[in-house]
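Here the sequence shown stands for residues 1 to 481, where the numbers follow the numbering used here. Below you'll find the structure, written out as structure tokens, and then a few comments.
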Amino acid sequence: MGTAVRNLARAGITAICAVTILCSATSAYAALDATWGVRFGDEGGGTPVFQRATAIERDGLGDFYVAGEFRGTIDLGGGVLASADPANYDAFLARFTPSGQHVWSTSFGGTDDEFPRDLVFDANGAVVVVGDTRSATFVAGGDSTATNGVNDAFAVKFDAAGGNEWTRVWGGAGVDIATAVDVTSTGSFIVAGTFKDTVDFGTGAHGSAGFQDIFLLELASSGVTNATETYGGSGDEKWAGVCVDDFDAVILAGTFEDTVDFGAGPPAVSLGVREGCLAKFSSVGGSLQWVREYDAAMSGDQCCLTSVATDGGNIFTTGFFSGSVSFAGAPLASAGGNDVFVAGHKSNGDAIWSIRGGSAGSDFANHIVYGDDRLAVSGMFSGNAGFGADTLQSNGSFDALLVVCTLFGTMDYARGGGGSGYDDAMQATIALDEIWLAGGLRDVAAFDSVSLSGASPTSSDAFLVRYGQAIATDVAGTEAV
């Protein structure tokens with residue numbers, strides 16, 4: 001989240017499972033338990049369907065915004081929303097009060113699939129949602145936009161009342177995905193993602209160097225593209241994350257194969273299957289300040305950066321790795337397959353600490369967010385997993401996880417949750433010593449003392465779970481505990 005909105009929030013108040021890792025400046029924060037939850041499922045019955053919350057953010061008034069995907073129908077508290085084609089996914093966006101009351105909800109998309117992947121709000125309460133669409137025509141509010149390829153990237157801006165302000169769609173013949181968004185102190189939106197082949201993002205055509213390349217855009221508050229930069233090499237570049245620091249510098253996190261060229265200095269070279277990269281720019285289209293590479297020690301292993309956050313100066317990354325990888329100090333070694341990592345960096349890019357957690361199976365991380373002098377990382381784990389001093393056992397194949405640690409890289413405690421089905425957390429938002437977690441669940445999933453029922457083991461419902469002190473909370477949805 002950008003500087004102006006980050007300060008406003010301070011004043012006002014992801015065949016896997018989900019993990020949320022939370023870090024604090026000291027160990028003074030009390031352990032948080034799940035105190036409430038709600039699921040949002042299909043309202044039409046019949047064929048198994050899939051709903052999932054994919055992004056969540058809290059504004060300076062304490063209201064929170066949730067985006068996700070649904071197929072068929074869904075009721076988020078304001079009435080039933082229906083996808084344009086019941087067999088395909090549309091996107092939803094909803095706003096709730098701090099106590100969980102529904103304010104408004106809306107859906108958008110076309111007759112094929114839409115996948116919202118991130119959102120951010122500005123100082124005026126407007127929200128920008130980014131993702132990708134497979135529809136031939138993408139519809140949001142009164143806007144109807146023809147698309148160009150298999151997947152096109154999109155950004156849609158809504159006002160504080162849920163009205164559509166503008167829609168932007170970018171794409172070519174290949175797969176194009178907007179994966180992350182942040183906002184600057186001046187109200188511009190920074191969008192990161194991946195693209196293939198040739199795409200005009202509003203400033204002229206850009207061609208990929210190989211397969212998937214990374215793009216960075218700066219959009220004015222009006223939706224006009226102010227600047228575009230693309231980076232790539234002979235292999236794939238994926239999992240792009242972005243954040244803006246207190247000086248409006250842009251920090252980009254991603255993963256690449258073979259080589260990637262950031263426009264200054266020699267190209268970064270991958271030593272493993274995939275390598276993580278972290279880069280800082282003065283602005284989109286501005287000077288490259290530094291690049292850091294993180295690769296696994298063995299050629300068959302990988303280190304993937306999936307997301308990045310900042311407290312305004314320091315930088316925090318998350319992702320997953322296999323084998324052994326070095327950030328700062330002694331190398332991290334995975335317990336088996338892929339493990340989750342979190343690393344802290346100075347503003348100059350130097351890593352100052354790194355931690356890992358996971359099981360003998362595969363564990364992943366989707367997203368990291370900073371708030372209340374802590375970090376929340378949403379991701380995935382399975383089996384018997386260790387995080388700091390705590391060891392957790394999943395209830396089924398995949399369970400949700402919450403781990404608390406200091407900003408100096410030590411873990412305070414861990415919490416697990418889930419059921420026999422597939423449960424995943426995509427993002428979390430934190431404020432006033434509470435965490436709101438968003439994702440998808442199947443069957444019955446337990447988060448501490450909170451039990452949520454899904455449609456069936458073969459379907460998925462969107463869920464919200466609150467971690468914190470017990471308070472009266474009520475979201476009007478399918479089922480609440």
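We treat Cβ as the ideally placed atom computed from N, Cα and C, and that holds for glycine.
Under the Cβ criterion (8 Å, minimum of three pairs), the stretch 70-88 counts as touching the stretch 108-117.
About 6 Å separates the beta carbon of Trp170 from that of Val199, a gap short enough to meet the 8 Å contact definition. Membership of Arg117 in the beta strand (DSSP E) is indicated by the continuous run Glu114 to Phe121.
Boundaries of the beta strand (DSSP E) around Asp200: Thr198 to Asp200. For Phe316 and Phe281, the gap between their C-alpha atoms comes out near 16 Å. Within its own chain, the residues whose Cβ lies closer than 7 Å to the Cβ of Lys346, once the five positions on either side in sequence are excluded, are Asn314 and Ile352, listed in chain order. Rounded to whole angstroms, the Cβ separation of Thr310 and Val342 is 14 Å, and the two are not in contact under 8 Å. Rounded to whole angstroms, the gap between the alpha carbons of Ile355 and Gln393 is 20 Å. With distances taken between CA atoms, Ile190 lies nearest to Ala240 out of Gly41, Asp213, Ala240 and Thr147. For Phe108, the enclosing beta strand (DSSP E) has its first and last residue at His102 to Phe108.
Setting aside the 5 residues that flank it on each side, Gly388 is surrounded in the same chain by Met411, each with a C-beta closer than 6 Å to its C-beta; the list follows chain order. Proximity to Gly142 across Phe154, Gly163, Gly125 and Val129 peaks at Gly163, based on C-alpha coordinates. Residue burial annotation: Ala173 is exposed, with fewer than 16 other C-beta atoms found within 10 angstroms of its C-beta. One thing to note: Gly276 has its Cβ within 8 Å of the Cβ of Cys304.
In the displayed model, Leu332 falls within a strand according to three-state DSSP.
DSSP places Tyr467 within a strand segment (E or B) once states are collapsed to three.
With fewer than 16 other beta carbons inside 10 angstroms of its own, Val80 counts as exposed. For Met411, the enclosing beta strand (DSSP E) starts and ends at Met411 to Gly419. Only residues of its own chain outside the window of five on either side were considered, and among them Gly336, Gly337, Ser382 and Gly383 have a CB closer than 7 Å to the CB of Gly361, listed in chain order. Listed in chain order, the beta strand (DSSP E) elements of length 3 or more contained wholly in the stretch 46-89 are 51-58, 64-71, 73-75 and 80-82. Contact check for Gly37 and Phe447: beta-carbon distance about 6 Å, within the 8 Å limit, so the pair qualifies. In the DSSP assignment, Leu432 falls outside any beta strand (DSSP E), carrying neither H nor E. The beta carbon of Arg442 sits closer than 6 Å to the beta carbons of Gly421, Tyr422, Gly454, Pro457 and Ser460 from its chain, once the five residues preceding and following it are set aside; these are given in chain order. When the Cα atoms are used, Val340 and Ala414 turn out to be separated by approximately 14 Å. Under DSSP, the beta-bridge partners assigned to Gly439 are Ala425 and Phe463. In the DSSP assignment, the residues bridged to Glu218 are Ile190 and Ala227. Counting the other CB atoms within 10 Å of its CB gives Phe327 a total of 16 or more, which places it among the buried residues. The straight-line gap separating the alpha-carbon atoms of Ser208 and Ser234 is approximately 9 Å.
Spanning the alpha carbons of Glu114 and Leu432 requires a straight line of approximately 33 Å.
The three-state reading of DSSP puts Ser322 in strand, counting E and B together. Secondary structure of Met298 (DSSP, three-state): coil. In this structure, DSSP gives Ser307 an extended state, which the three-state scheme calls strand. Ranked by how close their Cα comes to the Cα of Ser221, the residues Ala126, Phe262 and Ser144 have Ala126 in first place. When the Cα atoms are used, Thr167 and Val129 turn out to be separated by approximately 10 Å. Among the bridge pairs identified by DSSP, Ala173 is matched with none.
DSSP lists Thr310 and His345 as the bridge partner or partners of Ile315.
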